[in-house]
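Asks: Quick mapping for you: the protein sequence lines, in order, are chains E and V. Mapping of the first sequence onto my numbering: residues 51 to 222, in sequence order. Mapping of the second sequence onto my numbering: residues 1469 to 1736, in sequence order. We put the CB at the ideal spot given by N, CA and C, even for glycine. All values derive from a computational prediction rather than experimental measurement. Structure provided below as structure tokens; questions to follow.
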Amino acid sequence: MSGPSGSGKSQWLRAIADLDPSDGEAVLDGTARGAMSGPTWRRRVGYLAPVPGWWADRVGAHFFDPAAARPLIEALGLKASALDWPVARLSTGEAQRLALARLLAGAPEVLLLDEPTGALDETARNAAETVLMARLAAGTAILIVTHDADQARRLAKRAFTIEDGRISDRQI
Amino acid sequence: MNPVPLSNLDLAIASGLVLIHAGLSLMLSLGLGRMLLIAVARMVVQLVLLGLVLQFLLETVSFWLTLLAALVMIGFAGHEAVARLGRKYRGPWGQGIGTASVLVAATLITGFALSVQVQPEPWYNPRYAIPLLGMVLGNTMTGVALGLNTLTATASRERVAVEAQLALGATIWLALRPTLREAMRSGLIPIINSMVATGLIAIPGMMTGQILAGASPESAIRYQLLVMFMIAGGTGIGVFAAVYAGAWRLTDARHRLRLDRLAEAKTE
């Protein structure tokens, strides 16, 4: 999904993730969103904010199973020792990748990613995209909001644009 | 034995102390002079009215009149508890939560103390009921105000962190736990400090009044202990009720963080 700044892309993702009240329906594998609790929906449909939030001092405290997350963190180009780092010392790029790892560690069936590689250099971005493609191949559905037209060309099977509150298909 | 009576002249001279304070504020451009003078004027009017009302209540010992006075006090306490919130709740919810918490805490504690411990004749005797209720209300109201203020301020400030947890599938209660802890702490620290300071740093007002009026220190201390227990218990219940009700209003059935239920922050 791409579109001009302020067009509502992030709001759209947040509405799907049920973080904001919204009209309309969402259905996951035949089950309506309203038929499951909010937390359950968000466990299965994971949302990644453009600027990640942190609620504890150390990175590792944000992972349900830090040991199991090590391969994931390394696949994104970071050292496994990052789990011991204080959150305050993370660079924007490190924070973004660790937030992605944190989300992927829970293995959601759907990923809603808002600018997941905006702060990454080329190497890190390639690592992140490789990980995402692997998830895609394993059956995860992914919705990405991105400014990067090249990224859309690399990753997308379908592309949309949002303008004046309307969503329409777009040629990749 | 009656206390030494104070004449109007004595009071007028004492009020000069406050006027010095106001004068200093004007001189140093602190901007507090007007607020201070209004507060003093309000205090004088309120106390004089209170004296008249209490005199009347103590002469006609009536359950309904005492109840009416109690409800008026509780209504004011509930209103004042949320009057200075940095971010108020939209609609009637702020008043509702403030008044309900104060009502539950104060009536439980005062009712319990009157019927089980002090046991005056009759149990609702305004000589005991109104002053005891007043002491519990004042402190509970402060606790509720602080607790709710910290709750709304912290929830607003921690929004990104709370939503990050929600986005990973956490329940709102798990995500808000640090916020709730901070809010409860804010509401309860003053009364805890007060208990620690009592007798060592400050002789409490109620004891002072009783001793001035001729009661023995031993009897005064017993009453003071009772009142401190009541205040601590009442504040605990009130802050707990207010913080949890306040948090409940900040979320919904889908476990979202509903900061839209708060009005915009006041910018002075």
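Rounded to whole angstroms, what is the Cα-Cα separation between V:GLY1554 and E:GLY127?
Replies: Their Cα atoms are separated by approximately 44 Å.
Asks: So which residues on chain V does E:PRO89 lean against when the C-beta distance must stay under 7 Å?
Replies: Simply GLY1637, ALA1638, THR1639, HIS1723.
Asks: Please classify V:PHE1580: does DSSP put it in a helix, a strand, or coil?
Replies: If DSSP states are grouped into helix, strand and coil, V:PHE1580 belongs with the helices.
Asks: For the segment 54 to 82 of chain E, which residues have a beta carbon sitting closer than 9 Å to at least one beta carbon of chain V?
Replies: Hits within the stretch, in order: ARG64, ALA67, ASP68, LEU69, ASP70, PRO71.
Asks: I need the straight-line Cα distance from V:PHE1697 to V:GLN1523, nearest angstrom please.
Replies: If I take the Cα positions, the gap works out to 27 Å.
Asks: Does the count of Cβ pairs from the segment 1561 to 1571 of chain V and the segment 1483 to 1495 of chain V closer than 8 Å reach three?
Replies: No, because fewer than three Cβ pairs between the segment 1561 to 1571 of chain V and the segment 1483 to 1495 of chain V fall closer than 8 Å, the two stretches do not touch.
Asks: In chain V, which residues lie with their C-beta within 8 Å of the C-beta of E:GLY143?
Replies: The premise fails here: E:GLY143 is roughly 18 Å from chain V at the closest Cβ pair, so nothing lies under 8 Å.
Asks: At which residue ranges does the segment 1561 to 1624 of chain V contain complete beta strand (DSSP E) runs of 3 or more residues, listed in the order of the chain?
Replies: Segments of the beta strand (DSSP E) lying fully in the segment 1561 to 1624 of chain V: there are none.
Asks: Going by DSSP, what residue range makes up the beta strand (DSSP E) through E:PHE210?
Replies: Run containing E:PHE210: 209 to 213, per the beta strand (DSSP E) assignment.
Asks: Take every Cβ of the segment 128 to 143 of chain E, pair it with every Cβ of the segment 190 to 206 of chain E, and state whether three or more of those distances are shorter than 8 Å.
Replies: Cβ pair count under 8 Å is below three, so no.
Asks: Which residue's Cα is closest to the Cα of E:ALA18: V:LEU1517, V:GLU1732, V:LEU1725?
Replies: Within the shown structure, residues of chain E are numbered from 51 to 222, placing residue 18 of chain E beyond reach of any answer.
Asks: Taking E:PRO89 as the reference, give the member of V:GLU1732, V:LEU1619, V:ARG1722, V:ILE1699 with the closest Cα.
Replies: For the residues V:GLU1732, V:LEU1619, V:ARG1722, V:ILE1699, the minimum Cα distance to E:PRO89 belongs to V:ARG1722.
Asks: Can you give me the C-alpha to C-alpha distance between E:ARG175 and E:ALA206, rounded to a whole angstrom?
Replies: Spanning the two alpha carbons is a distance of roughly 15 Å.
Asks: Whose C-beta lies closer than 7 Å to the C-beta of E:ASP68 among residues of the same chain, with five residues either side of it excluded?
Replies: Same-chain partners within the cutoff: ARG83, GLY88, TRP91, ARG92.
Asks: Extract the residue ranges of the beta strand (DSSP E) inside the segment 71 to 151 of chain E, only unbroken runs of 3 or more that lie entirely within it.
Replies: Counting only runs of 3 or more, we get 95 to 98.
Asks: If contacts are defined as beta-carbon pairs under 8 Å, then V:GLY1655 and V:GLY1611 qualify, I think. What distance do you get, rounded to the angstrom?
Replies: With a Cβ gap of about 4 Å, V:GLY1655 and V:GLY1611 count as contacting.
Asks: Tell me E:ALA191's beta-bridge partners as DSSP assigns them.
Replies: E:VAL160, per the DSSP bridge assignment.
Asks: Can a CB atom of chain E be found closer than 8 Å to the CB of V:LEU1634?
Replies: Yes - at least one Cβ of chain E is within 8 Å of the one on V:LEU1634.
Asks: Is it buried or exposed for V:SER1569, if we count other Cβ within 10 angstroms and need 16 for buried?
Replies: With 16 or more Cβ atoms within 10 Å of its Cβ, V:SER1569 is classed as buried.
Asks: Please name the residue in E:THR167, E:LEU148, E:ARG185, E:ALA145 whose C-alpha comes closest to that of E:ALA157.
Replies: Selected option, being the one with the closest Cα: E:ARG185.
Asks: Find the residues of chain E that neighbour V:GLU1732, judging by a C-beta separation of less than 8 Å, and give them in chain order.
Replies: Those do not exist, as V:GLU1732 stays about 18 Å from chain E at its closest Cβ, beyond 8 Å.
Asks: Any heavy atom of the ligand GDP inside 7 Å of the beta-carbon of E:GLY58?
Replies: Absent from the structure shown: the ligand GDP. Ligands present: none.
Asks: Within its chain, find whatever has a CB closer than 6 Å to the CB of E:ALA209; leave out the 5 residues flanking it on each side and keep chain order.
Replies: Only ALA202, ARG220, ILE222 meet the Cβ criterion.
Asks: What did DSSP end up calling E:ILE217 once you bin it into helix, strand or coil?
Replies: The answer is strand: DSSP assigns E:ILE217 an E or B state.
Asks: V:LEU1725 by DSSP, collapsed to three states: which one?
Replies: Note: V:LEU1725 maps to strand in three-state DSSP.
Asks: I think V:ALA1709 touches V:ILE1659, with their Cβ atoms under 8 Å apart; what is that distance to the nearest whole Å?
Replies: Not quite, the Cβ-Cβ distance comes to about 15 Å (not below 8 Å), so this is no contact.
Asks: Give the range of the alpha helix (DSSP H) segment to which E:PRO200 is assigned.
Replies: Per the sequence presented here, residue 200 of chain E reads as Asp, with Pro not at that position. Unbroken alpha helix (DSSP H) run through E:ASP200: 199 to 205.
Asks: Compare the C-beta of V:ALA1482 with all C-beta atoms of chain E and state if any pair is closer than 8 Å.
Replies: For V:ALA1482, the answer is no, since every Cβ of chain E falls outside 8 Å of its Cβ.
Asks: Does DSSP put V:SER1475 in a helix, in a strand, or in coil?
Replies: V:SER1475 falls in the coil class under three-state DSSP.
Asks: Out of E:SER55, E:GLY53, E:ASP70, which one is the CA nearest neighbour of V:ASP1720?
Replies: It is E:ASP70.
Asks: By the 8 Å beta-carbon criterion, what residues does the segment 97 to 111 of chain E contribute toward chain V?
Replies: Result list: TYR97, LEU98, ALA99, VAL101, PRO102, GLY103, TRP104, TRP105.
Asks: Alpha helix (DSSP H) containing V:GLU1548: first to last residue?
Replies: Taken as a continuous stretch (DSSP letters only), the alpha helix (DSSP H) holding V:GLU1548 covers 1531 to 1551.
Asks: Could you tell me whether the segment 1711 to 1718 of chain V touches the segment 1611 to 1623 of chain V, where touching means 3 or more Cβ pairs closer than 8 Å?
Replies: At 8 Å Cβ cutoff, the stretches touch.
Asks: From E:MET137 to V:ALA1573, what does the alpha carbon distance come to, in whole angstroms?
Replies: Reading off the sequence, residue 137 of chain E comes out as Val, not Met. Roughly 41 Å between the two C-alpha positions.
Asks: Using C-beta distances below 8 Å, list every residue in its chain close to E:ALA118, excluding the 5 sequence neighbours before and after it, in chain order.
Replies: The answer, listed in chain order, is ALA155.
Asks: Where does E:SER57 fall in DSSP's three states?
Replies: Of the three classes helix, strand and coil, the one that applies to E:SER57 here is coil, per DSSP.
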